[in-house]
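So for the sequence shown, the working numbering puts the first residue at 152; every next one is plus one. Positions of the beta carbon are idealized from the N, C-alpha and C atoms, including for glycine. Note that the structure is a prediction, hence the values are computed from the model and not measured.
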Amino acid sequence: MTFSKLARFSELPREGKLAFVEAFILLIAAWSFTKILPYAWWTRLLGHSGTGQQLVTTRSSTQVSELVNWAIGAAARQIPWEIVCLPQAIAGRWMLARRHVDCTLCIGVRSTPGPAARNAEMHAWLALEDWMGEKNGAGAGYTVIARFGARHDTV
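Take a look at the structure:
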């Protein structure tokens with residue numbers, strides 16, 4: 152961290168500092184889980200899975216979701232390797248769950264232009280009532296292949 156980054160960090164309110172540190176730790180944990188553990192193991196940490204439509208309940212909070220969104224983005228930029236969307240979505244889900252905010256983690260796929268039939272792109276995002284990643288373009292053009300939410304969310 153450079154001096155200017157340290158100075159900016161020191162100017163953050165206490166809540167922002169704690170959220171940043173939490174996001175940093177959870178991003179590394181989520182990245183590690185997705186790289187080391189088999190899919191079946193780390194997906195158990197995400198809640199109930201399904202591909203059907205899931206409701207997003209009304210307990211979400213714009214202020215909390217904005218703080219988590221900022222913390223995940225800021226922390227991901229400080230990690231010396233690339234943290235792609237899946238570990239970011241997992242860490243965001245964990246942070247929101249700790250704050251009692253319901254969300255659904257979505258994993259989607261879309262085909263990309265190219266001669267090979269195997270050209271596909273995967274993406275992960277969070278869906279909340281007050282900040283719906285899909286409505287903000289996060290899931291645009293993707294076919295959802297997995298959703299992870301609370302057990303009571305499944306329709």
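Where residue i sits in the DSSP three-state scheme
i	result
Leu188	coil
Val295	strand
Gly300	strand
Leu177	helix
Leu169	helix
Among the options, nearest to residue i - alpha-carbon criterion
i	options	result
Ser216	Trp245, Phe184 and Ala180	Trp245
Ile179	Ile223, Ser161, Ala158 and Leu197	Ile223
Thr263	Tyr293, Trp193, Cys257 and Trp192	Tyr293
Val252	Met273, Ala278 and Ala271	Ala278
Asn220	Ala158, Phe160, Gly167 and His199	Gly167
Arg249	Leu169, Trp182 and Ser200	Leu169
Straight-line gap, residue i to residue j (C-alpha atoms, nearest Å)
i	j	result
Gly243	Ala174	8 Å
Thr185	Trp276	15 Å
Pro231	Ile296	30 Å
Gln239	Ser155	25 Å
His199	Gln229	31 Å
Ile241	Leu218	16 Å
Contact set for residue i: own chain, Cβ-Cβ below 8 Å, skip 5 residues either direction
i	result
Arg261	Ala271, Glu272, His274, Gly292, Tyr293 and Thr294
Phe171	Phe160, Leu163, Ala222, Ala225 and Ala226
Close Cβ partners of residue i (< 7 Å) along its chain, the five nearest in sequence each way excluded
i	result
Trp193	Phe184 and Thr185
In chain order, each alpha helix (DSSP H) run of at least 4 residues that lies wholly inside the segment 205–260: 213–229 and 236–249
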